[in-house]
Amino acid sequence: MDEEDRFSSDQASDEIISQLYVAYSGKLRRMAYHMLHDYHRAEDAVHTVFLAMLKNSDNLKLDTQSKATLGYLCKAIRRTVYNLERDNKKYVLAEEDEDPDKFLGSGYDAHILETLHAQELLSVIDRLPPAFAEVMRL
């Protein structure tokens, strides 16, 4: 296969992938949205699937009318959504956590934290001039 044939083959596969995107991106987006309940993340999932298809277009046998291609796309979007959800669970922000004890610790831990803050505050007060320190301790 010479350079010209390979180039035309790449153009043909890119054209097929763009036709698939036009034909199925809405359906895949709805499917991803149903699973994620977030439009922007659903859009990201669809783009991730089509980018993976572009990278692996040499290994794929794509046909715009094939049910096997639609099945492949549906399975790919499901797996991509599962991967996004798995990765998202690793990075839960503390402010999104509903149980503050998970973030701050138990009541005993909170008491230790308060004691440490009180000790820090007293050490700072001790460095003030005696007249001001006496007022601050009241």
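Residue numbers (our numbering): -8 to 129. Positions of the beta carbon are idealized from the N, C-alpha and C atoms, including for glycine.
Whose C-beta lies closer than 6 Å to the C-beta of residue i among residues of the same chain, with five residues either side of it excluded?
| i | result |
| --- | --- |
| SER114 | none |
| ASP54 | THR60 |
| MET26 | VAL72 |
May I have the straight-line CA-CA distance separating residue i from residue j, to the nearest angstrom?
| i | j | result |
| --- | --- | --- |
| MET22 | TYR12 | 14 Å |
| SER111 | ARG118 | The sequence as given places Glu at residue 111; Ser does not occur at that position. Each residue's Cα considered, the two are about 11 Å apart. |
| LYS58 | TYR15 | 12 Å |
| TYR24 | SER4 | 27 Å |
Report yes if the C-beta distance between residue i and residue j is below 8 Å; otherwise report no.
| i | j | result |
| --- | --- | --- |
| ALA36 | ILE8 | no |
| ARG32 | LEU64 | no |
Please go through the same chain and pick out, in chain order, the residues whose beta-carbon is closer than 7 Å to the beta-carbon of residue i, but skip the five residues on each side of it.
| i | result |
| --- | --- |
| MET192 | One cannot answer for residue 192 here, as it falls past the ends of the chain, which runs -8 to 129. |
| GLU28 | The displayed chain sequence assigns His, not Glu, to residue 28. Hits under 7 Å: none found. |
Measure the beta-carbon distance from residue i to residue j and round it to whole angstroms, keeping in mind my assumption that it falls under 8 Å.
| i | j | result |
| --- | --- | --- |
| PHE34 | ARG20 | For clarity, residue 34 is Glu in the given sequence; the question names Phe instead. Yes, GLU34 and ARG20 are in contact; Cβ-Cβ is about 6 Å, under 8 Å. |
Does at least one heavy atom of the ligand ADP sit under 7 Å from the Cβ of residue i?
| i | result |
| --- | --- |
| ARG21 | Absence of the ligand ADP from the depicted structure is noted, as is the absence of any ligand whatsoever, leaving it without description. |
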